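A.B. asks:
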DNA sequence: CGTGAAAAGGATCGGCC
DNA sequence: GGCCGATCCTTTTCACG
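Chains as they are written, first to last, in my numbering: chain A, 1 to 147; chain B, 1 to 147.
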């Protein structure tokens with residue numbers, strides 16, 4: 001389904017999605033046309049979800065990062081909960097998790113005041129009985145995925 | 001430093017970094033050339049860190065996702081710790097955090113057995129006195145950052 | 001699946017407002 | 001800063017192995 005050449009292409013594109021198919025092809029021992037065909041198929045199959053840019057959070061007023069574990073008194077894995085969390089601007093990711101907490105969300109804000117406001121919003125969501133916040137002081141690293 | 005037009009460009013590029021500067025320019029009311037100049041400057045200033053692809057984790061054998069809170073008996077915010085964590089294949093992100101735990105890492109593996117192996121590797125790192133693992137059952141959503 | 005080459009469309013640069 | 005226009009390069013497609 002995804003062979004070694006595909007994996008190599010994925011790694012290269014994760015590093016830099018602006019390089020030409022010519023360059024890409026040379027790196028994996030293929031012609032530009034073939035490299036292109038491979039990548040198109042990866043896109044069509046959904047292996048490549050999209051091409052994006054990585055933005056420096058601090059440069060756009062999102063310098064504060066925290067993970068919030070959310071405890072619930074009821075099942076919160078349904079669309080209404082999802083929509084309520086989606087509507088909170090400070091929340092960037094939301095996951096249903098196993099363990100003492102029901103949900104884990106990643107929050108990014110400009111200031112700690114905004115973080116506080118976001119926590120208030122989280123508490124206002126139906127079913128939330130408690131939160132535990134882990135504030136990120138520094139990000140050590142973020143590796144691209146190795147396929 | 002980053003005005004409204006820049007912010008609009010960042011949002012558009014996060015959604016789809018493959019669109020032409022012509023399209024981009026029309027969306028923000030600029031010519032293709034000017035849109036291009038804006039984006040280049042955003043790159044040069046480091047606001048745009050890089051252009052990447054988003055890969056479906058399940059498609060490349062990374063279907064299992066977990067967050068691990070790491071407790072330490074000593075300060076673990078120095079390069080040696082960083083390097084030790086970098087060397088662990090299953091770890092995708094590592095953050096220094098405030099709270100009961102010292103570090104928070106994001107782990108992605110193909111299977112729960114591999115997750116277990118990764119936890120073993122984490123315990124082998126100098127200074128680690130305990131871990132608390134939060135397994136992700138389902139990802140609700142991952143929003144692009146709104147500048 | 002791969003290749004090579006032609007056609008179409010963008011990226012990029014310089015001169016100018 | 002932004003616009004326009006002219007190259008140059010890439011993406012994209014196609015007939016063929």
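The C-beta atom is built at its ideal place from N, Cα and C for all residues, glycine as well. Just so it is clear, the structure is predicted and the values come from calculations on it, not from any experiment.
(1) With 9 Å as the threshold, decide whether the Cβ of residue 125/A is near any Cβ in chain B.
(2) Would you mind working out which of 55/A, 61/A, 41/A, 114/A sits nearest residue 9/B, comparing C-alpha positions?
(3) Tell me whether residue 98/A sits in a helix, a strand or coil according to DSSP, three-state version.
(4) Closest to residue 47/A by C-alpha separation, out of 105/A, 86/A, 7/A, 106/A, would be which residue?
(5) With distance defined between alpha-carbon atoms, name the residue in 76/A, 141/A, 58/A nearest to residue 130/A.
(6) With respect to the beta strand (DSSP E) encompassing residue 129/B, which residues constitute its N-terminal and C-terminal limits?
(7) Is residue 9/A near the ligand GDP - that is, is its Cβ less than 8 Å away from at least one heavy atom of it?
(8) Could you check the C-alpha separation between residue 61/B and residue 109/B for me, to the nearest Å?
(9) Give the residues from the segment 61 to 80 of chain B that approach chain A closer than 8 Å (Cβ to any Cβ), ordered along the chain.
(10) Using only CA atoms, which one of 64/B, 24/B, 142/B, 53/B lies nearest to residue 118/B?
(11) At the 9 Å Cβ level, is residue 107/B part of the contact set with chain A, yes or no?
(12) Which whole-angstrom value is the C-beta distance of residue 13/A and residue 53/B, which I expect to be below 8 Å?
(13) Using only the alpha-carbon positions, how far apart do residue 147/B and residue 11/B sit?
(14) As a quick exercise: from 16/A, 140/A, 144/A, pick the residue whose alpha carbon is nearest that of residue 79/B.
(15) Do you know whose CA, among 40/B, 107/B, 19/B, lies nearest residue 145/A's CA?
(16) Have a look at the DSSP bridge pairing and note the partners of residue 70/B.
(17) Go ahead and pull the three-state DSSP assignment for residue 92/A.
(18) Please look up how many angstroms separate the CB atoms of residue 105/B and residue 94/B, rounded, as I've assumed it's under 8 Å.
(19) Taking the C-alpha atoms as reference points, what is the distance between residue 5/B and residue 57/A?
(20) With distances taken between CB atoms, is the gap from residue 67/B to residue 21/A smaller than 9 Å?
(21) Could you compute how far the alpha carbon of residue 124/B sits from the alpha carbon of residue 81/B?
(22) Which residues in the same chain as residue 24/A place their Cβ atom closer than 7 Å to its Cβ, once the five residues preceding and following it in sequence are excluded?
C.D. replies: Concretely, from the data shown:
(1) Taking the first residue of the first chain as 1, we reach residue 125/A at position 125. Judged by the 9 Å Cβ criterion, residue 125/A is not in contact with chain B.
(2) Within the second chain, residue 9/B is the residue found at index 9, counting from 1. Comparing Cα-Cα distances from residue 9/B to each of 55/A, 61/A, 41/A, 114/A, the minimum goes to 55/A.
(3) Residue numbering aside, residue 98/A sits at position 98 when the first chain is read from its first letter. Residue 98/A falls in the strand class under three-state DSSP.
(4) Here residue 47/A corresponds to residue number 47 of the first chain, with the count starting at 1. Measuring from the Cα of residue 47/A, the nearest candidate turns out to be 7/A.
(5) Locating residue 130/A in the first chain gives position 130, counting from the first residue. Residue 76/A is the option with its Cα nearest to residue 130/A.
(6) For the purposes of this step, residue 129/B is identified with residue 129 of the second chain, where counting begins at 1. Residue 129/B -> beta strand (DSSP E) spans 128 to 142.
(7) Inclusion of the ligand GDP in the displayed structure is not the case, the ligand content being empty and no account of it being possible.
(8) Translated into positions along the second chain, residue 61/B becomes position 61. Translated into positions along the second chain, residue 109/B becomes position 109. Going by the C-alpha atoms only, they are around 7 Å apart.
(9) 61, 62, 65, 67, 69, 77
(10) Taking the first residue of the second chain as position 1, residue 118/B is located at position 118. Looking at the Cα atoms, 64/B is the closest of the given residues.
(11) In the second chain, counting from the first residue as 1, residue 107/B sits at position 107. No, its Cβ sits nowhere closer than 9 Å to a Cβ of chain A.
(12) The sequence position of residue 13/A within the first chain is 13, counting from 1. The sequence position of residue 53/B within the second chain is 53, counting from 1. Indeed, because the Cβ distance is near 5 Å, the residues count as touching under 8 Å.
(13) Position 147 of the second chain, counted from the start, is the residue given in the question as residue 147/B. Position 11 of the second chain, counted from the start, is the residue given in the question as residue 11/B. Cα to Cα, the separation comes out at about 7 Å.
(14) If you number the second chain from 1, residue 79/B lands on position 79. If we check each option's Cα against that of residue 79/B, 140/A comes out closest.
(15) Here residue 145/A refers to the residue found at position 145 of the first chain. Minimum Cα distance to residue 145/A is reached at 107/B.
(16) As a first step, residue 70/B is located in the second chain; it is residue number 70 there, counting from the start. Answer by DSSP bridge pairing, in chain order: 103/B, 131/B.
(17) Looking up residue 92/A in the first chain gives position 92. Strand, per DSSP.
(18) What you label residue 105/B is simply residue 105 of the second chain in a count that begins at 1. What you label residue 94/B is simply residue 94 of the second chain in a count that begins at 1. Contact flag correct, Cβ pair sits at about 5 Å.
(19) Position 5 of the second chain holds residue 5/B. Position 57 of the first chain holds residue 57/A. Roughly 17 Å between the two C-alpha positions.
(20) Mapped onto the second chain, residue 67/B falls at position 67. Mapped onto the first chain, residue 21/A falls at position 21. Cβ atoms of residue 67/B and residue 21/A: not closer than 9 Å.
(21) Here the question's residue 124/B lines up with position 124 in the second chain. Here the question's residue 81/B lines up with position 81 in the second chain. In a straight line, the C-alpha of residue 124/B is about 11 Å away from that of residue 81/B.
(22) Here residue 24/A is taken as the residue at index 24 of the first chain, counted from 1. Result list for residue 24/A: 9, 12, 35, in chain order.
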